[in-house]
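Reading through the structure tokens given below for one structure.
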Amino acid sequence: MILNPDQLNTNKDDISIHKDQFDNLASSLSRQNIQVDQIVNKLANFQIAIPSWALGAGGTRFGRFSYHGEPSSLEQKLEDIGVIHSLTKSAGAVSLHIPWDIPKDYNAIKELANSLDIKFDAVNSNTFQDQPNAKESYKFGSLSNTSQAVRDQAIAHNKEVINIGEKLGSKSITVWLADGSSFPGQSNFQTALSHTQNSLKDIYKSLPNDWKLFIEYKPYEPYFYSTVIQDWGTSFMLANECGEKAFTLVDLGHHLPNTNIEQIVSTLMLKGKLGGFHFNDSKYGDDDITVGSIKPYALFLIFNELVYGMENNPQNPELSWMIDASHNLKDPLEDLIQSLETIQITYAKALLVDQTKLKQAQENHDVSLCQEILQNAYLTDVRPLVKQARLQQQGALDPLKAYRLLSIREQLIKERGKNTVATGL
Ligand code: AOS
Ligand code: ZN
Ligand code: ZN
Ligand code: ZN
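Start counting at 1 in the sequence shown, then tack on 4, and there's your number in the numbering used here.
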């Protein structure tokens with residue numbers, strides 16, 4: 005299902021109230037010497053990749069409840085992203101997962117993506133499942149396995165993922181390993197880390213010059229005692245050992261409770277080693293729920309560091325922005341629309357922070373004022389700026405409302421049926 009632009013006339017009812025709200029906000033921000041046009045342009049250019057695995061209903065380890073009308077092919081996944089992108093104008097990229105998304109016809113896939121204005125962001129490898137007919141098993145690890153044959157299979161898979169990505173025009177690969185142990189004594193930490201380092205170096209050798217390798221970390225899960233790449237420090241160290249095209253990837257859900265993620269982000273950007281980002285939110289663990297649904301202020305503080313880094317750390321490359329989510333109760337497309345909205349809102353708030361004033365207040369050790377500057381930005385209702393950015397690009401003023409008015413899920417069910425299962429987590 006592909007939306008055509010005149011289906012987007014859902015804006016008509018809301019346009020006049022939006023104009024009032026935007027004008028009010030713009031004039032109050034201009035009085036504070038904030039360049040409203042620049043912020044709106046930055047928002048319009050901010051594109052976030054949708055993970056191919058988040059378009060169907062995910063499950064838990066206890067069960068999975070299908071959502072109807074889910075995509076069953078790569079083509080249908082791209083079409084779903086196309087729908088979200090035409091409404092939000094902020095989902096102009098996809099992050100594919102291999103082997104779930106191997107294209108049958110590369111040219112046709114590239115053409116479809118192009119017609120929907122979707123780029124191929126990082127490709128993801130999968131060494132956390134055994135594939136049918138695989139010679140070796142990843143039950144006891146992949147790149148870290150004590151068996152050379154298993155490591156070789158995992159290395160070869162990652163190289164194949166790079167090849168597939170190259171054919172599509174992707175420029176990066178994300179490696180997330182499920183390698184770890186569930187019981188003390190099960191694994192020799194040093195051996196596992198050395199094997200991982202050597203395997204990554206081997207993969208890195210096959211990385212095209214204009215590509216990046218993202219190394220994702222996570223403290224626990226699927227194993228419960230130890231994880232080989234458990235934290236940003238380990239990822240950073242591995243990236244440094246690989247070379248200048250290797251970077252750390254931060255997934256918001258991959259931290260122990262109360263970790264100061266904004267400080268991690270800022271350290272990595274100072275060192276030029278933050279490569280990619282997986283947005284989601286969580287209360288207890290790697291919950292992968294809607295961005296900003298639990299800790300919106302923490303997300304703002306993270307964005308504040310990201311904006312500071314983007315303005316002050318030319319040594320850090322442009323980041324790959326991706327959502328990494330999984331939905332077991334909501335319509336996946338509605339959830340992604342909500343996440344995209346929150347990302348844009350939070351980015352806009354961070355762009356309002358007066359960095360010059362903040363620096364002065366920091367130098368004067370005016371602690372209250374420092375906090376006040378952040379609060380002032382955070383408490384501003386920036387929704388009119390986000391809407392304006394979408395309006396400029398012929399998107400929907402209210403994407404969720406438009407999605408419902410256009411009865412998109414109902415149409416997808418008509419096209420694809422009720423009993424659909426998408427490949428994914
Ligand atoms: C797993 O917890 C990680 O967040 C991965 O980034 C991701 O969910 C996985 O690679 C999807 O296949
Ligand atoms: Zn992730
Ligand atoms: Zn995760
Ligand atoms: Zn997650």
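For every residue, glycine included, the Cβ atom is placed at its ideal position computed from N, Cα and C.
Asked, Found
"Neighbourhood of residue 186 by C-beta distance below 6 Å, restricted to the same chain and skipping five residues each side", "227, 228 and 229"
"Proximity winner among 287, 283 and 308, relative to residue 260 (alpha-carbon distances)", "287"
"Neighbourhood of residue 22 by C-beta, 6 Å cutoff - its chain only, sequence neighbours within 5 removed", "391 and 401"
"CB of residue 238 within 8 Å of CB of residue 224, strictly", "no"
"Proximity test, residue 285 beta-carbon vs ligand 4 heavy atom, cut-off 7 Å", "no"
"Which of helix, strand or coil DSSP assigns to residue 337", "helix"
"Spatial neighbours of residue 7 in its chain, beta-carbon cut-off 6 Å, leaving aside the 5 residues before and after", "87 and 90"
"Contact between the segment 138-151 and the segment 67-78 (3+ Cβ pairs under 8 Å)", "no"
"Bridge partners - residue 52, DSSP secondary structure assignment", "Beta-bridge pairing links residue 52 to no other residue."
"Residue range of the alpha helix (DSSP H) that includes residue 361", "359-367"
"Length of the line joining the Cα atoms of residue 413 and residue 120", "19 Å"
"Whole-angstrom distance between residue 303 and residue 98, CA atom to CA atom", "22 Å"
"Same chain, Cβ closer than 7 Å to residue 161, neighbours up to 5 away in sequence not counted", "129 and 131"
"The segment 199-207 in contact with the segment 149-160 per 3-pair CB rule at 8 Å", "yes"
"Residue 188 burial status per 10 Å Cβ neighbour count (16 or more: buried)", "exposed"
"C-beta atoms of residue 96 and residue 123 nearer than 8 Å", "yes"
"Identified DSSP bridge partners for residue 219", "179 and 252"
"Boundaries of the beta strand (DSSP E) in which residue 282 is found, first to last residue", "278-283"
"Minimum length 3: unbroken beta strand (DSSP E) runs contained in the segment 82-141", "97-99"
"Residue 394 burial status per 10 Å Cβ neighbour count (16 or more: buried)", "buried"
"Span of the alpha helix (DSSP H), counted from its first residue to its last, around residue 5", "Counting along the chain, residue 5 falls outside any alpha helix (DSSP H), and DSSP gives it neither H nor E."
"Identity of the residue in 406, 209 and 102 nearest residue 134 by Cα", "102"
"Residue from 312, 313 and 254 with nearest C-alpha to residue 285", "254"
"Any non-hydrogen atom of ligand 4 closer than 7 Å to residue 257 Cβ", "yes"
"Distance between residue 40 and residue 385 (C-alpha atoms, nearest Å)", "14 Å"
"According to DSSP, residues forming a beta bridge with residue 263", "Looking at the DSSP assignment, residue 263 forms no beta bridge with any residue, so it has no partner."
"Residue 328 and residue 292 closer than 8 Å at C-beta", "yes"
"Residues that DSSP places opposite residue 314 in a beta bridge", "Per DSSP, none; premise fails for residue 314."
"Three CB pairs or more closer than 8 Å across the segment 20-36 and the segment 105-114", "no"
"Beta-carbon contacts of residue 67 that lie in its chain and below 6 Å, excluding the five residues immediately before and after", "none"
"Cβ neighbour criterion (16 or more within 10 Å) applied to residue 316", "exposed"
"Minimum C-alpha distance to residue 65 - residue among 309, 332, 324 and 344", "332"
"Residue 324, enclosing beta strand (DSSP E) - first and last residue", "324-327"
"Sheet register partners of residue 61 (DSSP bridge)", "331"
"Buried versus exposed, by CB contacts within 10 Å (16 or more), residue 19", "exposed"
"Cβ pair residue 388, residue 36 closer than 8 Å", "no"
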